[in-house]
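S.K.: What follows is a structure written as structure tokens; I'll ask about it next.
Numbering (the numbering used here), first residue to last: 257 to 484.
What follows is the structure in structure tokens.
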């Protein structure tokens, strides 16, 4: 490159800065975006598939030695096993996949709209289009902000299916005391009784209070159906 192609400060001229990027650069961008989508999209889905297809392996293990001797471990294991099987029977994998896909699709629509507005308002950033690798940080920022705002929605999707599996487990195992004991012990590492708004925003599973209340309500309706 000749000296005339540089200004006095040794910076590339405006003509050189505006040269179109090569096909290889565009391919690198597409590869990076593909890896990002695979990690963000397929990672949780693979975890859900493992939990739904193999409900008798790691998802059923729990530290039984932590429970006091007065707890009937057989009833506890039976109740919790039925809950895990409920995810498979109720097709929660497909349900979560469809609902999460809608959330992600809405996120892409938001990014497409916001990306263009920001790009036009910030010409100094020299982002040609959404396929420009220079726009990748902006893309990640916008999508990350959307995912942060959508956290209550994503948590609610999982929490609703978990509650459905809880009810399935209670109906199948008919062990409300064992189920309540398991939910009570989970309070050792998670807040047992959060506020309604706190549970809505931050909890991706029903709280211990919700689960215990559901088990005791199920027990009351079974033993005293006419009691209000």
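Quick reminder that beta carbons are idealized off the backbone N, C-alpha and C, glycines included. It should be emphasised that the depicted structure is a prediction, and the values quoted were computed from it without experimental measurement.
Skipping 5 residues on each side, what residues in its chain have a beta carbon closer than 8 Å to that of residue 371?
M.R.: Taking the chain shown and counting its residues from 1, the one referred to as residue 371 is at position 115. Once the five neighbours on either side are set aside, the close Cβ partners of residue 371 are 386, 391, 394, 395 and 398.
S.K.: In terms of residues, what are the limits of the alpha helix (DSSP H) holding residue 379?
M.R.: Indexing the chain shown from 1 puts residue 379 at position 123. First-last for residue 379: undefined, no H or E at that position.
S.K.: Would residue 342 and residue 459 qualify as a contact pair, given that the criterion is a beta-carbon distance under 9 Å?
M.R.: Taking the chain shown and counting its residues from 1, the one referred to as residue 342 is at position 86. Taking the chain shown and counting its residues from 1, the one referred to as residue 459 is at position 203. It is not a contact, given that the beta carbons lie outside the stated cut-off.
S.K.: When you compare the CB positions of residue 468 and residue 429, do they come within less than 9 Å of one another, or not?
M.R.: For the purposes of this step, residue 468 is taken as residue 212 along the chain shown, with counting starting at 1. For the purposes of this step, residue 429 is taken as residue 173 along the chain shown, with counting starting at 1. Result no, Cβ atoms of residue 468 and residue 429 do not sit closer than 9 Å.
S.K.: Could you round the C-beta distance between residue 456 and residue 412 to whole angstroms and report it? I think they count as a contact, below 8 Å.
M.R.: Translated into positions along the chain shown, residue 456 becomes position 200. Translated into positions along the chain shown, residue 412 becomes position 156. That belief holds up - the Cβ atoms of residue 456 and residue 412 are roughly 7 Å apart, short of 8 Å.
S.K.: Taking the alpha helix (DSSP H) that residue 412 falls in, what are its first and last residues?
M.R.: Taking the chain shown and counting its residues from 1, one reaches residue 412 at position 156. Segment 407-429, the alpha helix (DSSP H) holding residue 412.
S.K.: Helix, strand or coil for residue 441, going by three-state DSSP, please let me know.
M.R.: Here the question's residue 441 lines up with position 185 in the chain shown. Looking at residue 441 - three-state DSSP - the assignment turns out to be helix.
S.K.: Would you mind sorting residue 354 into buried or exposed? The rule is 16 or more other CB atoms within 10 Å of its CB.
M.R.: Residue 354 sits at position 98 when you count from the first residue of the chain shown. Residue 354 is exposed by the Cβ-count criterion.
S.K.: What does the Cβ neighbour count give for residue 361, buried or exposed, with the cut at 16 atoms within 10 Å?
M.R.: Locating residue 361 in the chain shown gives position 105, where the first residue counts as 1. By the neighbour-count rule (16 or more Cβ atoms within 10 Å), residue 361 is not buried but exposed.
S.K.: Would residue 334 pass as a contact of residue 434 if the rule is Cβ separation under 9 Å?
M.R.: Along the chain shown, read from residue 1 onward, the residue named residue 334 stands at position 78. Along the chain shown, read from residue 1 onward, the residue named residue 434 stands at position 178. Yes; because the gap between Cβ atoms is below 9 Å, this pair is in contact.
S.K.: Could you please give the first and the last residue of the uninterrupted alpha helix (DSSP H) stretch that includes residue 461?
M.R.: In the chain shown, counting from the first residue as 1, residue 461 sits at position 205. That residue, residue 461, is in no alpha helix (DSSP H); it is neither H nor E in DSSP.
S.K.: Apply the 10 Å Cβ neighbour rule to residue 436 and answer buried if 16 or more other Cβ atoms are within range, or exposed otherwise.
M.R.: The sequence position of residue 436 within the chain shown is 180, counting from 1. So residue 436 ends up on the buried side.
S.K.: With a cut-off of 8 Å on the beta carbons, I'd call residue 403 and residue 331 a contact; round off their distance for me.
M.R.: Residue 403 sits at position 147 when you count from the first residue of the chain shown. Residue 331 sits at position 75 when you count from the first residue of the chain shown. That pair is no contact at about 40 Å.
S.K.: Assuming contact is defined by CB atoms lying nearer than 9 Å, are residue 339 and residue 422 in contact in what I supplied?
M.R.: Counting from one through the chain shown, the residue named residue 339 turns up at place 83. Counting from one through the chain shown, the residue named residue 422 turns up at place 166. For residue 339 and residue 422, yes; Cβs fall inside 9 Å.
S.K.: Taking only the alpha-carbon atoms, compute the straight-line gap between residue 417 and residue 388 and give it to the nearest angstrom.
M.R.: By one-based count along the chain shown, residue 417 stands at place 161. By one-based count along the chain shown, residue 388 stands at place 132. Each residue's alpha carbon lies about 39 Å from the other.
S.K.: Under the three-state reduction of DSSP, which class applies to residue 331: helix, strand or coil?
M.R.: Your numbering for residue 331 matches position 75 in the chain shown. Three-state result, residue 331: helix.
S.K.: Taking the C-alpha atoms as reference points, what is the distance between residue 426 and residue 451?
M.R.: Position 170 of the chain shown, counting from 1, holds the residue named residue 426. Position 195 of the chain shown, counting from 1, holds the residue named residue 451. When rounded, the distance between both Cα atoms is 24 Å.
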